[in-house]
Amino acid sequence: MNRTRVLIATAVTMLVITVAVGLTPVARAADPIRIGLGMALTGGLSANGKPALLAMQIWKDEVNKKGGLLGRPVELIFYDDQTNPATVPGIYTKLLDVDKVDLVVSGYGTNLIAPLMPIAIERKLTVLGIFGLANNEKYQYPNYFQISPTGPDPATSTAIPFFELAAKQTPKPQTVAIVGADAEYPQTALVGAREVIKRFGFKTVYDKTYPPSTVDYTPIVRAIKATNADIVFVASYPPDSVGMLRAAHEVGLQPKIFGGGMVGLQFTTIMQSMGSKLNGIVNYDYWVPEKTMMFPGITEFFKEYQPRATKEGVDTLGYYLPPYAYAAMQVLGDAVTATKGLDQQKIADYIRSNEFNTIVGKVKFGKNGEWAKGRTLMVQYQKVQDGNIEQFRQPGKKPVLYPDELKSGTIVYPYSAALK
Amino acid sequence: MGRTVPALLVGLAVVAAGMVLVLVRVNPYFYFAGYVILQYVVIATAWNILGGYGGYVNFGTPAFFALGAYTAVVLIRSLKAPLPVLIVAGGLVAALLGLGIGYLTLRLRGVFFSIATLALSVVLQTIIMNWEYVGGSRGLSILRPSGPPFGNYGVFLFTVMLGLAVVAVLMARFIERSWIGRGLAALRDNEEAAECMGVPTLRLKLFATTVSGFLLGVAGAPFPYYVTFIEPNSAFALDYAVNALAMPMIGGTTSWIGPVIGAVLLGTAQQVAIVTISSELNLLLVGVVLVGFVVVAPEGILGLVRRLRTR
Amino acid sequence: MFSWDLLANAVVAGLLLGGFYAAVSLGISLIFGLLDIANIAQPAFVIVGSYAAYVLHDAYGFDPILTGILLTPVFYLLGALVYRIYYASFERRGDEALRGLVFFFGLLFIIEVSLSMKYGVDYRLVQTGYLSRSIEFGGVGIAFRYLVPCVIGVAMTAVLYLFLGRTFYGRAIMAVSQDQAALRLMGADPIHIKTIAFGIGIAAASLAGALLISIAPVIPSTDRDYIGRMFAITVLGGMGSIAGTLLAAVILGVVESLMATFFGPSWSLAVSFGILLAALAVRPAGLFGR
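Protein sequence lines correspond, in order, to chains A, B and C. Here my numbering is used: the first residue of the first sequence is 3, the next is one more, and so on. Here my numbering is used: the first residue of the second sequence is 190, the next is one more, and so on. Here my numbering is used: the first residue of the third sequence is 13, the next is one more, and so on.
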C-alpha cells in the first residue's frame, strides 16, 4: 500500500514542521525591545514600502546609538507582506505569538493595514498606521493612529486643497473634469472630489474612471479636452500619472488648472524622466525641500537616508514616504519613553493626548487616529528642466501653494502660462 | 464501493485530529498558516479534478476562487448569512460559472478552454472592480460577527477549512474511482477515441468543470472572514493560478493524493518562506520548483514513488 | 458628448494602438498559431526586451527601437534554446498538452520574479526626442509615441508575412504547421524548422518590448496585462494567419479606444475579452482561420 505510506509520510512531515514552528521556544535575551511589522517589500507597493522600511531602520539605528529605548536596544522584526492582504493575519500572528514582539507597527497602504485592524482590536494593541486611507472609519478603534497628514477626512484631503486653490484664482474657473483609476486610492480621492466640487459650486462636465492596465490615455485626454473644462482633477497611480501627462502634452490639453491627486509624480525616477513636462502641474505632496518645510531633524535624516537609499536601489531622494515612516517611529519611541514602559493602553493614551515634535513638524492626532488637522500640501512644478535630478534638491522647483502657513511660492495661473 | 467506508472513517479521523489540536491550543500562528495550507488542499484538489483527471488546464483559478469570496461578501452584506450558507452559495455560483465556461468552450480543443479561462479572470475582475456594493476597486472591510465557535476566529476558520479539505478530497476520491473518473481518464488520453467508444465526453467535461468550480468557490467563501478586507487585486491574485497548477504537478495529477501532497509540501514551504526568507526569492522558488518538476518529474512525487517501487 | 472630431481621433488612436498590439502578438501568432505551442511566457520575453532597451538606453543612451532591432539575434538564440528544452522535455514524450502549458507558466513566473529581483519594482521609462513630438492632420492629432510603434508593427507583420509566403524556411514553417510527417518525408527536419520558428517568435518579442517601453512605463508585472490581449488577438485573427493577427489587433485597438472615449475606459479591457469569448463560442476558427 505505497499510497498509504506516502500519505502517512506527508502527514508526519507536516506534523513535524508545524510542531517545530508552533512550539519553538523563542530563545532571546531579556534585553531588546522588539517592534514587529509586515511591509510591502515585493509587489505593487514595494516602491514605497522599501524606502519606508529603510527610514524605520535608520530610526532604530539612531535610537540604539543613543542607548536604546528605556535603556534597552531596539530590534525591528519585519516580514514581506508581498502587497497581499492575505498574508497579513499570518504575519502578525507569527510576530505576536512566535517572535513575541512588544510593539507592532502597520505595513504600508490601506489594503495592508485593513486586515491588521481586527487582530489589533482583539488583542488590544496600539497600532501606528503607515499611510492608510480611512482604515479606522468602520471600527473607530481608539488605539489606532495614522501618520499620513491627510487629516480628519482622508477622502477629501487631496480635493479640498486643490479646489480651494482653484476657487481663489481669477478669473474663477467654472467647469471641472475628474478622472481616476479603478483602484483603491484614486476611487477614494474621486469620492472626495465629488463632494468638494458640490461644496464649491463647480460644474462637473466629465467624470469617468479607467482600468489600471490601460495602455493608451489619448482617447481619455481627448474626451476631456473636448469638454473644455477649466479644471482637470486626476487621481492616478504612477503608470497612469505618466501616461496621462504625456497624452496631455501630445493632445494639447491646457485647462486653467491641472493636477490634483497624481501619485508617482513625487517619485525620483519619474521626476527625472518627465522633466519639463511636469511644469504647471498642481499636485499633492507630503514633503518638499522648501524653506517652510525644514523642520528640526529633517536635514540630518536625509543626510543619512540618501546614501543608504542609493546603495539599496530604492527611491534616492526619499521626499515622499520615508520622513513620515521615520516620524511614526519617533511618535512610538517618544510614547514608550514618556510612559516608561510597554503598556499598550498607556502608550495609546499618551499618543492620543499629546503633540509630538517630529521631523515632519508637529503631529497631533484627532478623531479615529487621523491627524487632528490635515496638512496635505499642494505644490506646483515650476521651471523644471529636463534630465536633471539635482534641481529637485533645491527649493524653488516645487513651491508650496497650500496650506497658507507653509506657503513658499505663488501659483502660476493659468496652467498654460507655466508651460512657456 | 468497499473502500468508501474506510475512506470516510479516515476522513473523520483527520477531522478529529484537527479538533484535538484545537482543544490543545497549539500556538495561534499555526491556525492562520494552517488555514492557508488547507485552503490550497481544496484548491489543488479542485483543480486536479478537471486538470489532472480530465486533462483540461484551467488558468483562471482566481476567477472561481474570487467568485466564491465575493458571493460570500454579497450575502454577508445583504443578509448577514451564516458561514455554512456562504460556503454553499459560493460553491454554487462558482459551479454555475464552471458550467457556463465549459459549455462555451469545451466543444473546442483544450487549449481554447485554457485561453478562455485566462480571459475569464480579466472580465470578472473588471466587473467586480466596477461594482460598488462589494467595495469595487477600493475594497471592503468585513466585520466579523462576534462570538465565533471555539472562541476565536483563527481556530474556528481553521476547523472549517479542515472540514472542507476532507470533503473535497473525499469527493475527488469518489470521482476518481467511479465510472466518471474512468471516463475522464479515457478522454484525457485520447478524446477522439473515447468518443468513438461511446464515452459521453461533453457531459463528463461539463461535470468536471462544474464540480471543480464548485470546490474552488467553496475554498473562497470563508476568505472574507479570514482576511477581513476584500479587494480585487488580492482576491484575483496570480498566486492562486500558479499554485493551483504547481501543487498537483508536484504531487502527481493522476490520483487524489497528489494534490494533497503538493498542497501540503508547497503550501508549508511558502508559509515558512514568508516568515523566514521573506522576499522575492520565495516567489522565484515556486517558479523554479514548478518548472523543475514539470521537466524532470512530470508525474510528480507520486510518479517518483511509483518508479522507485517498480525498481 | 459625441462629435465627429472625437470619433475620428478615437478611431485613429485605435488604429495606431492596433499596430502596436500586432507587434506584440506576432510572436504568439507564430508560436501558438502556427506551431501550436501555447507559450504563455511570451509576454515575459516582451518585458525582457523592454528592460534590455531600458538598460542600454540608460547606460549608453541607445535609442530603444534600435536596441530592439539589434538584439533580435540574441533573442532568436534564446528562443531556439527554450524550444529545444521544450521539445526534449515534452514534445518528444507526447506530453505537451498539459505539461507544456505548465512549463511556460512556470517560465513566465521565473522571468517576472527575476526581473523584479534585479531591477526592483520602480517604473522604468525611456524618453527620446523624436518620440515626444506629434503632428496634426485636419483635426486629428497623431503622437509619434504611437505612430512609430504602429509603423514598425505593421512592418514586422509585412516582413513576417512575406517570409512565410516567399522564402524556403518560411514555407517550411507553414508546412510544419500543417503536416509534420509529410515534411519529414520531403527531407526537411521538422524539429529544426520549429526551432527556427520559435526563435523568430522570441526575436519578435525583443522588438515588441522596445516598442512597449517607448509607449508606457514598464514594471516586471506588466506582462500580465498582455497575456490575455496576445492570445485574444491570435485567436480572434485565426490561428496561423499573420494577416488575421494584424486585423484582429487593429479591431481590438479600435474597440478599446472607442470604449475609452465614449463609454468610459473602465469597461474597454473587459469588452475586448468579451469579444474573444464570443468569438470562441460562435466562430472559433477566428476571422481568417483555417
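For glycine and all other residues, C-beta sits at the position ideal for the given N, C-alpha and C. Since the structure is predicted, the reported quantities are computational estimates derived from the model, not experimental observations.
Using three-state DSSP, classify residue i as helix, strand or coil.
i          : result
Phe-248(B) : coil
Phe-297(A) : coil
Thr-345(B) : Per the sequence shown, the amino acid found at residue 345(B) is Phe instead of Thr. DSSP places Phe-345(B) in helix when its eight states are reduced to three.
Phe-367(A) : strand
Leu-72(A)  : coil
Asn-379(B) : coil
Val-114(C) : helix
Val-193(A) : helix
Arg-136(C) : strand
Val-129(A) : strand
Asp-155(A) : coil
Phe-254(B) : helix
Ser-128(C) : helix
Arg-30(A)  : Note on Arg-30(A): pLDDT 46, under 50, position unreliable in the model; no value is reported.
Ala-486(B) : coil
Ala-155(C) : strand
Measuring CA to CA, which of the options is closest to residue i?
i          : options                                           : result
Pro-2(A)   : Ala-57(A), Leu-98(A), Asn-230(A) and Leu-379(A)   : Only positions 3 to 422 of chain A appear in this structure, which leaves residue 2(A) out of reach.
Val-225(B) : Val-236(A), Ile-115(A) and Val-90(A)              : Val-90(A)
Pro-309(A) : Ala-49(A), Arg-36(A), Ala-57(A) and Ile-180(A)    : Ala-57(A)
Gly-254(A) : Pro-240(A), Arg-224(A) and Val-244(A)             : Arg-224(A)
Phe-339(B) : Val-349(B), Ser-330(B), Ile-331(B) and Leu-332(B) : Val-349(B)
Phe-102(C) : Leu-427(B), Arg-498(B) and Gly-481(B)             : Gly-481(B)
Tyr-115(C) : Phe-248(B), Leu-455(B), Ile-369(B) and Thr-390(B) : Residue 115(C) is actually Phe in this sequence, not Tyr. Answer by Cα proximity: Phe-248(B).
Ala-56(C)  : Leu-47(C), Ala-92(C), Leu-83(C) and Ala-220(C)    : Ala-220(C)
Thr-428(A) : Ala-136(A), Ile-121(A), Leu-319(A) and Ile-391(A) : One cannot answer for residue 428(A) here, as it falls past the ends of chain A, which runs 3 to 422.
Thr-257(C) : Asp-191(C), Pro-85(C), Ile-123(C) and Ala-170(C)  : Ala-170(C)
Glu-407(A) : Pro-154(A), Ile-353(A) and Thr-294(A)             : Thr-294(A)
Gly-245(A) : Tyr-158(C), Leu-120(C) and Ala-215(C)             : Tyr-158(C)
Glu-77(A)  : Asp-63(A), Asp-83(A) and Pro-87(A)                : Asp-63(A)
Ile-369(B) : Asn-237(B), Gly-441(B) and Phe-396(B)             : Phe-396(B)
Ala-433(B) : Val-344(B), Arg-333(B), Ala-206(B) and Val-453(B) : Val-453(B)
Gln-396(A) : Val-106(A), Met-296(A), Ile-222(A) and Gly-262(A) : Met-296(A)
Ile-123(C) : Leu-473(B), Gly-289(B), Ser-367(B) and Tyr-220(B) : Leu-473(B)
Tyr-259(B) : Pro-421(B), Gly-241(B), Arg-377(B) and Thr-442(B) : Pro-421(B)
Asn-237(B) : Arg-392(B), Leu-346(B) and Phe-403(B)             : Phe-403(B)
Among all the DSSP beta bridges, which residues are the ones paired with residue i?
i          : result
Lys-210(A) : Val-181(A)
Arg-36(A)  : Glu-77(A)
Tyr-307(A) : Answer by DSSP bridge pairing: none, since Tyr-307(A) is not bridged.
Asp-263(A) : Asp is not the amino acid found at residue 263(A); the sequence shown has Gly there. For Gly-263(A), which the question treats as bridged, DSSP gives the partners Ala-237(A).
Met-208(B) : DSSP, once it has assigned bridges, lists no residue as partnering Met-208(B).
Val-402(A) : Val-381(A)
Tyr-453(A) : Examination of residue 453(A) is not possible in this model, given that chain A is present from 3 through 422 alone.
Tyr-41(A)  : Note that residue 41(A) is Met in the sequence shown, not Tyr. BP columns for Met-41(A) point to Asp-82(A).
Tyr-286(A) : Met-380(A)
With residue i and residue j assumed to form a contact (beta carbons below 8 angstroms), what rounded beta-carbon distance in angstroms separates them?
i          : j          : result
Ala-25(C)  : Thr-220(A) : 5 angstroms
Ser-507(B) : Ala-185(A) : Any property of residue 507(B) remains undetermined from this structure, which presents chain B solely from 190 to 500.
Phe-425(B) : Pro-273(B) : Between Pro-273(B) and Phe-425(B) the Cβ distance is about 25 angstroms, and since that is not below 8 angstroms, they are no contact.
Gly-112(C) : Phe-210(C) : So it is not a contact: roughly 12 angstroms between Cβ atoms.
Asp-99(A)  : Pro-271(B) : The Cβ separation is near 28 angstroms, so there is no contact.
Gly-287(B) : Lys-394(B) : Rounded, the Cβ-Cβ distance is 10 angstroms, inconsistent with contact.
Thr-211(A) : Ile-391(A) : Actually they are not in contact, since the Cβ atoms of Thr-211(A) and Ile-391(A) sit about 32 angstroms apart, beyond 8 angstroms.
Leu-297(B) : Pro-296(C) : 5 angstroms
Beta carbon of residue i: closer than 7 angstroms to some heavy atom of the ligand NAP?
i         : result
Leu-82(C) : Here there are no bound small molecules, and the ligand NAP is not part of this structure.
Next on the checklist: Counting beta carbon pairs with one atom in the segment 352 to 372 of chain B and one in the segment 230 to 241 of chain B, are three or more of them shorter than 8 angstroms?
Outcome noted: yes
Checklist entry - Looking at C-beta atoms only, is the number of pairs between the segment 138 to 147 of chain A and the segment 437 to 448 of chain B that lie closer than 8 angstroms three or more? => result no
Checklist entry - For the segment 99 to 117 of chain A against the segment 44 to 51 of chain A, are there 3 or more C-beta pairs whose distance is under 8 angstroms? => result yes
Item to check | the segment 482 to 489 of chain B contacting the segment 201 to 212 of chain C, beta-carbon criterion three pairs below 8 angstroms | outcome: Segment contact: the segment 482 to 489 of chain B against the segment 201 to 212 of chain C, fewer than three CB-CB distances shorter than 8 angstroms; contact not assigned.
Checklist entry - Does the segment 368 to 376 of chain A come within contact of the segment 134 to 144 of chain A, defined as at least 3 CB pairs closer than 8 angstroms? => result yes
Item to check | Cβ contact check for the segment 225 to 239 of chain C and the segment 257 to 272 of chain C: 3 or more pairs under 8 angstroms | outcome: no
Next on the checklist: So, does the segment 125 to 141 of chain C touch the segment 194 to 209 of chain A, judging by three or more C-beta pairs under 8 angstroms?
Outcome noted: no
Checklist entry - Does the pairing of the segment 161 to 179 of chain C with the segment 23 to 41 of chain C give three or more beta-carbon distances under 8 angstroms? => result yes
Checklist entry - Just checking, does the segment 235 to 248 of chain C make contact with the segment 45 to 64 of chain C on the three C-beta pairs under 8 angstroms criterion? => result yes
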